[in-house]
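First comes the structure, then the notes that go with it.
Protein chains: 2
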Amino acid sequence: MSSQSEAVTYDLYYWPEIQGRGEFVRLAFEEAGATYVDVARLPAATGGGVDAMLRLMRGDGSALTPFAPPFVKVGDLVIGQTANVLQFLAPRLGLVAPDETSRVHAHQLMLTVADLVAEVHDTHHPVASSLYYEDQKEEAVRSARIFLRERLPKYLGYFERLLGPNRELGSYVDLALFQLIAGLRYAFPRAMQRIQASLPGLVSLFDRVATRSRIAAYLASPRRIPFNEKGLFRHYPELDAG
Amino acid sequence: MSSQSEAVTYDLYYWPEIQGRGEFVRLAFEEAGATYVDVARLPAATGGGVDAMLRLMRGDGSALTPFAPPFVKVGDLVIGQTANVLQFLAPRLGLVAPDETSRVHAHQLMLTVADLVAEVHDTHHPVASSLYYEDQKEEAVRSARIFLRERLPKYLGYFERLLGPNRELGSYVDLALFQLIAGLRYAFPRAMQRIQASLPGLVSLFDRVATRSRIAAYLASPRRIPFNEKGLFRHYPELDAG
Numbered sequence: 028m029s030s031q032s033e034a035v036t037y038d039l040y041y042w043p044e045i046q047g048r049g050e051f052v053r054l055a056f057e058e059a060g061a062t063y064v065d066v067a068r069l070p071a072a073t074g075g076g077v078d079a080m081l082r083l084m085r086g087d088g089s090a091l092t093p094f095a096p097p098f099v100k101v102g103d104l105v106i107g108q109t110a111n112v113l114q115f116l117a118p119r120l121g122l123v124a125p126d127e128t129s130r131v132h133a134h135q136l137m138l139t140v141a142d143l144v145a146e147v148h149d150t151h152h153p154v155a156s157s158l159y160y161e162d163q164k165e166e167a168v169r170s171a172r173i174f175l176r177e178r179l180p181k182y183l184g185y186f187e188r189l190l191g192p193n194r195e196l197g198s199y200v201d202l203a204l205f206q207l208i209a210g211l212r213y214a215f216p217r218a219m220q221r222i223q224a225s226l227p228g229l230v231s232l233f234d235r236v237a238t239r240s241r242i243a244a245y246l247a248s249p250r251r252i253p254f255n256e257k258g259l260f261r262h263y264p265e266l267d268a269g
Numbered sequence: 028m029s030s031q032s033e034a035v036t037y038d039l040y041y042w043p044e045i046q047g048r049g050e051f052v053r054l055a056f057e058e059a060g061a062t063y064v065d066v067a068r069l070p071a072a073t074g075g076g077v078d079a080m081l082r083l084m085r086g087d088g089s090a091l092t093p094f095a096p097p098f099v100k101v102g103d104l105v106i107g108q109t110a111n112v113l114q115f116l117a118p119r120l121g122l123v124a125p126d127e128t129s130r131v132h133a134h135q136l137m138l139t140v141a142d143l144v145a146e147v148h149d150t151h152h153p154v155a156s157s158l159y160y161e162d163q164k165e166e167a168v169r170s171a172r173i174f175l176r177e178r179l180p181k182y183l184g185y186f187e188r189l190l191g192p193n194r195e196l197g198s199y200v201d202l203a204l205f206q207l208i209a210g211l212r213y214a215f216p217r218a219m220q221r222i223q224a225s226l227p228g229l230v231s232l233f234d235r236v237a238t239r240s241r242i243a244a245y246l247a248s249p250r251r252i253p254f255n256e257k258g259l260f261r262h263y264p265e266l267d268a269g
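Each protein sequence line maps, in turn, to chains C and Z.
Note that our numbering has the first sequence beginning at 28, numbered continuously upward.
Note that our numbering has the second sequence beginning at 28, numbered continuously upward.
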């Protein structure tokens with residue numbers, strides 16, 4: 028997949044201390060070799076920081092402000108919602124075939140990834156995002172057990188069946204599936220050990236994406252924020268039923 | 028908004044006994060005066076029924092099968108994910124302005140509606156979709172209370188600020204916001220009575236959409252499935268904290 032990125036600078040706005048949903052966008056920029064600024068990770072003194080992000084979210088009442096990060100700014104255009112951002116960027120970055128069917132189907136899969144990501148988040152925050160994990164831990168244990176037994180195999184089995192003999196989809200969705208596997212292995216190492224035994228296509232895809240030159244360079248760089256317990260994929264051993 | 032629907036028949040696949048996520052697609056077809064078949068609501072003897080839907084979801088291993096309903100079939104193309112379906116249909120049905128910025132921003136808002144819809148669902152199923160409501164009722168009461176106090180006002184306040192002086196967005200998102208208000212009033216009548224006092228734009232939008240001729244005819248027809256406790260928006264008085 029060659030880069031077709033134009034001479035454009037993209038501003039990415041996302042929380043600076045987590046991979047989270049922003050990581051799907053970071054991976055697309057990295058794979059394409061695009062020039063992008065991860066604004067909230069820059070010092071406030073140079074126009075960066077979380078405040079710069081929140082200012083754009085408050086907006087001035089005239090333009091469409093995003094409901095939540097991540098969002099990107101391209102010229103005057105501000106675009107929010109992770110899957111929407113990727114759909115907008117992908118043809119510009121050479122990360123999807125240009126015909127409508129390819130774009131519609133890649134987006135459909137990305138939205139399915141996004142649904143799974145939301146369910147992963149809800150395993151550690153089943154009652155409310157605004158409550159501490161410790162205040163919903165009992166519910167989280169119950170929720171994660173059912174998620175790992177029913178939902179995760181259903182989702183991953185679906186993606187496995189789609190991969191086909193090349194074990195790649197040939198779009199930015201490959202990057203998203205890589206990130207998904209990376210996050211799931213971090214959060215649920217015991218359960219994933221068991222589940223991935225029947226997912227040779229996804230495991231192969233993961234290995235292939237991880238060794239692509241730009242992705243490998245990115246993963247080894249300080250630009251890749253380590254997984255942690257503030258992000259989407261959190262490792263709480265009591266949720267990893269194995 | 029005039030209909031620009033082509034001489035195409037659209038097949039919609041969705042659960043036949045609920046409004047659910049399929050209702051956002053039904054409303055778009057109805058507003059556009061499009062010719063569509065709600066396949067799973069037809070008798071199995073004439074190629075309808077839930078089995079016809081599940082058959083397409085199993086697929087033959089070659090095409091992209093959808094992960095979940097709703098999905099539509101247009102010619103040979105099968106398209107899943109509610110917001111993706113609407114994004115595909117809207118330019119064809121005259122339900123969005125054709126320029127890229129309008130389409131990207133309408134989709135961004137539709138994805139935000141979809142996020143809210145998922146949170147509404149999780150108020151009655153916080154632990155797991157596969158468990159009965161009765162087996163997670165205590166958690167649901169706790170979850171719904173925080174949802175109605177924090178999340179719902181945040182989402183609806185966001186949409187309210189976007190509506191502007193015309194109190195319409197001028198795209199299929201108006202239909203989605205109408206459906207959202209309808210569902211929320213059904214599920215949480217006491218809470219909505221209080222919350223909507225500060226949402227004159229959304230209330231006005233609701234009234235205007237409800238009286239559009241094609242929408243009014245649809246709502247009065249047997250095609251509009253009544254809200255019920257199998258769908259997304261469920262009325263459980265104990266969750267309606269007021």
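Using N, Cα and C, we set each Cβ at its ideal position, and we do this for glycine too.
Beta carbon proximity, residue i to chain Z, threshold 7 Å
i, result
"C:I222", "no"
"C:A155", "yes"
"C:E195", "no"
"C:L54", "no"
"C:H132", "yes"
"C:S32", "Low confidence applies here, because C:S32 scores a pLDDT of 47, under 50, leaving its location unreliable; read the following figure in that light. C:S32 does not count as touching chain Z."
"C:E161", "no"
"C:Q135", "yes"
"C:I208", "no"
"C:E177", "yes"
"C:L173", "Reading off the sequence, residue 173 of chain C comes out as Ile, not Leu. Chain Z contact via Cβ: present."
"C:Y185", "yes"
Contact set for residue i: own chain, Cβ-Cβ below 6 Å, skip 5 residues either direction
i, result
"C:M28", "Since pLDDT at C:M28 reaches only 41, below the 50 mark, its modelled position is unreliable, and no value is offered."
"C:H134", "Q114"
"C:D267", "F215, R217 and A218"
"C:Y276", "A question about residue 276 of chain C goes unanswered here, because the residues of chain C that appear run from 28 up to 269."
"C:L190", "G228"
"Z:V64", "D38"
"C:A171", "T150 and L266"
"Z:T62", "T36"
"C:K100", "D38"
Residues near residue i in its chain [Cβ-Cβ closer than 8 Å; skip 5 each side]
i, result
"C:V230", "I208 and Q223"
"C:V77", "W42, P43 and A67"
"C:Y185", "T139"
"C:R176", "A268"
"C:A71", "D78 and A79"
Strand pairing of residue i, partner residues [DSSP]
i, result
"Z:T36", "Z:T62"
"Z:I106", "Z:V99"
Contact set for residue i: own chain, Cβ-Cβ below 7 Å, skip 5 residues either direction
i, result
"Z:V123", "A117, S129, R130, A133, S198 and Y199"
"C:G86", "T92"
Residue i at chain C interface by Cβ criterion, 7 Å
i, result
"Z:L91", "yes"
"Z:I106", "yes"
"Z:Y40", "no"
"Z:S29", "Note that Z:S29 has pLDDT 43, beneath the 50 cutoff, so the model's placement of it is unreliable and the number below is only indicative. Chain C contact via Cβ: absent."
"Z:T139", "yes"
"Z:Y263", "no"
"Z:E165", "no"
"Z:F215", "no"
"Z:L170", "Looking at the sequence shown, residue 170 of chain Z is not Leu but Ser. Z:S170 counts as touching chain C."
"Z:F94", "yes"
"Z:F115", "yes"
"Z:N255", "no"
Beta-carbon separation (whole angstroms), residue i vs residue j, contact threshold 8 Å
i, j, result
"Z:Q46", "Z:I242", "Not a contact, Cβ separation roughly 14 Å."
"C:G210", "C:F174", "14 Å between Cβ atoms; not a contact."
"C:E195", "C:R169", "So it is not a contact: roughly 36 Å between Cβ atoms."
"Z:G49", "Z:P96", "7 Å"
"Z:G75", "Z:L69", "3 Å"
Does the stretch 41-58 of chain C come close enough to the stretch 249-261 of chain C that 3 or more CB-CB pairs lie under 8 Å? Flag = yes, the stretch 249-261 of chain C and the stretch 41-58 of chain C touch.
Determine contact between the stretch 216-223 of chain C and the stretch 242-249 of chain C, defined as no fewer than three beta-carbon pairs at a distance below 8 Å. Segments in contact, no.
The stretch 55-62 of chain Z / the stretch 192-207 of chain C touching (three or more Cβ pairs under 8 Å): Counting C-beta pairs with one atom in each stretch, the stretch 55-62 of chain Z and the stretch 192-207 of chain C have fewer than three that are closer than 8 Å, which means they do not touch.
Taking 8 Å as the cut-off, does the stretch 141-152 of chain C touch the stretch 163-174 of chain C (at least 3 CB pairs, one atom from each stretch)? Counting C-beta pairs closer than 8 Å gives three or more between the stretch 163-174 of chain C and the stretch 141-152 of chain C, which meets the contact rule.
Does the structure place the stretch 103-115 of chain C close enough to the stretch 133-141 of chain C that three or more beta carbon pairs sit under 8 Å? Segment contact: the stretch 133-141 of chain C against the stretch 103-115 of chain C, three or more CB-CB distances shorter than 8 Å; contact assigned.
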